[in-house]
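Per the working numbering, the very first residue in the sequence shown carries number 1; after that it's consecutive.
Think of the CB as a built atom: it goes at the ideal place given N, C-alpha and C, for glycine as much as any other residue.
For reference, the structure is listed below as structure tokens.
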Amino acid sequence: MKIELYIAQLLYRYQCVTVPGFGAFLTEIQSAQLNESSNSFFPPKKIISFNAYLKNNDGLLANHIAQAEKTSYEYAVSAIQFEIFNWKKALQENGLFSVKNVGDFCLNADKNLIFTPYDQTNYLSSSFGLTPFVSPLVKREQFEKQIEGIEEKETITLVPEARTTSSYLKYAAIFVLGLGITGSICYPIYQNQIRTETVIVETSVQKQVQNKIQEATFFIESPLPAVTLSVKEGKLPYHIMAGAFRKEENAQKIFEDLTHMGFKARRIAPNKHGLFPVLYGSYASYAEAEKAKVEIQKTHNPEAWILIESL
């Protein structure tokens with residue numbers, strides 16, 4: 001099972017996605033960016049980082065895999081352990097590996113894990129459909145020469161025509177003066193009222209935004225159960241196959257022989273092909289099963305292989 005797809009799905013919905021036993025992918029929202037040198041605009045997006053110290057299982061990834069694959073939670077935990085084993089093995093052998101659509105991992109000279117995120121995928125759902133674009137440079141026309149030409153023209157002098165003043169002009173002047181006095185008094189009051197209403201609206205909007213952020217960040221509609229990384233007691237999902245026999249008496253004979261040789265042998269129910277499987281033993285982790293398989297292949301059965309199934 002490849003878990004990269006499920007990690008990418010969760011990065012759209014959560015700020016932290018923990019891979020038990022390996023580390024956690026963290027997201028941080030970056031606002032829209034403008035590159036003035038290239039006239040490029042970039043939409044808001046989530047910046048992905050990695051923290052190798054957050055390894056405890058919070059149940060988020062395992063529950064998501066169990067629901068998507070319609071399987072048990074214990075099997076999902078086992079699948080995650082198996083995938084992490086392959087990741088670490090790739091790091092030891094090649095010094096690097098990639099998590100599809102998330103980023104690349106490599107080891108530096110001090111054997112520390114270095115993470116480089118991918119930039120092609122934007123995990124901010126509110127920016128869906130937005131892509132970077134380049135705007136053509138705005139050319140501004142120069143009017144300096146036109147202004148100089150206007151100034152060089154001959155100045156026209158306006159001579160007011162003498163007119164007889166009427167009495168109604170006095171009343172108009174008094175009316176205009178009254179309007180000016182009223183405006184000078186009422187306008188500051190109106191401005192103060194506008195500023196007060198604006199502050200009230202902005203405060204209300206900011207409070208709603210903060211409530212939405214807190215709800216999206218810290219609350220999950222269906223709380224996940226508190227779990228630990230260890231598989232539930234009694235569940236041993238990793239098995240080493242000794243063989244599958246068409247006749248039940250042959251399977252019983254091999255089972256008894258393995259038991260006398262000191263193996264914790266088991267017989268399980270017939271499979272869909274009507275064969276009777278016999279196991280060398282069952283183990284809680286893939287690492288234990290792999291170690292036992294290598295020893296069995298060297299000393300007893302080169303054809304032994306590992307079966308992953310919750311029995």
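Does the Cβ-Cβ distance between Tyr280 and Ile296 come in under 8 Å?
-> yes
At what residues does the alpha helix (DSSP H) containing Tyr6 begin and finish?
-> For Tyr6, the enclosing alpha helix (DSSP H) stretches over residues 4 to 11.
Can you tell me where the alpha helix (DSSP H) with Ser78 in it begins and where it stops?
-> 73 to 94
Other residues of its chain near Met241: CB distance less than 7 Å, five sequence neighbours each side excluded = Pro277, Leu279, Ala304, Trp305, Leu307
What did DSSP end up calling Gln30 once you bin it into helix, strand or coil?
-> Here DSSP, grouped into helix, strand and coil, assigns Gln30 to strand.
Kindly indicate which residue of Leu107, Leu11, Ile254, Ser72 has the alpha-carbon position closest to the one of Thr121.
-> Leu11
Report yes or no: do the segment 245 to 258 and the segment 282 to 296 share at least 3 C-beta pairs separated by less than 8 Å?
-> no
Have a look at Tyr238 and Ile47 and give me their C-alpha separation to the nearest angstrom.
-> 37 Å
Take Val99 as the anchor and find which of Ile114, Asn108, Ala109, Asp110 has the nearest alpha-carbon.
-> Ile114
Tell me whether the beta-carbon of Pro20 lies closer than 8 Å to the beta-carbon of Asn57.
-> yes
Do you know how far the Cα of His260 is from the Cα of Ile84?
-> 36 Å
Might you give, ordered along the chain, the residues of its own chain that have their beta carbon closer than 6 Å to the beta carbon of Ser49, omitting 5 neighbours on each side?
-> Leaving aside the five residues that flank Ser49 on each side, the residues in its chain whose CB is nearer than 6 Å to its CB run, in chain order, Leu26.
Closest to Ala24 by CA distance: which of Asn35, Leu311, Ala52, Glu74 is it?
-> Ala52
Taking the alpha carbon of Tyr123 as the point to measure from, which residue in Val294, Arg13, Leu96 has its own alpha carbon closest?
-> Arg13
Helix or strand or just coil, what does DSSP make of Leu311?
-> coil
Reduced DSSP secondary structure (H/G/I, E/B, other) of Ala242 | Under the three-state reduction of DSSP output, Ala242 falls in the strand class.
When DSSP builds the beta bridges, which residues end up paired with Thr18?
-> Ala24
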